[in-house]
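Input: a single structure, listed below in structure tokens.
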Amino acid sequence: MSHVKHFEQLDEAYHALSVLEKETYVWEQTLANRHRWAKAEFQEALDYINRVREDFDLEPLIIK
1 MSHVKHFEQL DEAYHALSVL EKETYVWEQT LANRHRWAKA EFQEALDYIN
51 RVREDFDLEP LIIK
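Take the sequence shown: its letters are residues 1 to 64, numbered as in the UniProt record's numbering.
So, in structure tokens, the structure goes:
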């Protein structure tokens with residue numbers, strides 16, 4: 001759902017964003033609504049954004 005919301009905000013400019021930019025937006029939405037996610041779902045989202053970040057040679061996020 002966050003990808004759709006992001007696209008609606010940016011319209012065609014969305015297509016020019018990198019995977020990192022798109023997935024960072026989704027991660028920020030997930031983090032802001034972390035109370036809605038089961039612990040395992042949240043961890044899966046964190047693991048995913050860290051794999052994306054690794055592809056861009058960025059340090060992993062650490063959330064406690």
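Even for Gly, the Cβ is constructed at its ideal location relative to N, Cα and C. For clarity, every value in this text was computed on a predicted model and none was experimentally measured.
- Query: Once you ignore the five residues that flank Thr30 on each side, which residues in its own chain have a CB closer than 6 Å to its CB?
  - Reply: Ala45
- Message: Nearest by alpha-carbon distance to Glu23: which of Ile62, Asp57, Glu59, Arg51 is it?
- Response: Arg51
- CA-to-CA distance, His35 to Gln43, given in whole angstroms: 13 Å
- Excluding the five sequence neighbours on either side, which residues of its own chain have a C-beta within less than 7 Å of the C-beta of Ile63, listed in chain order? Leu46
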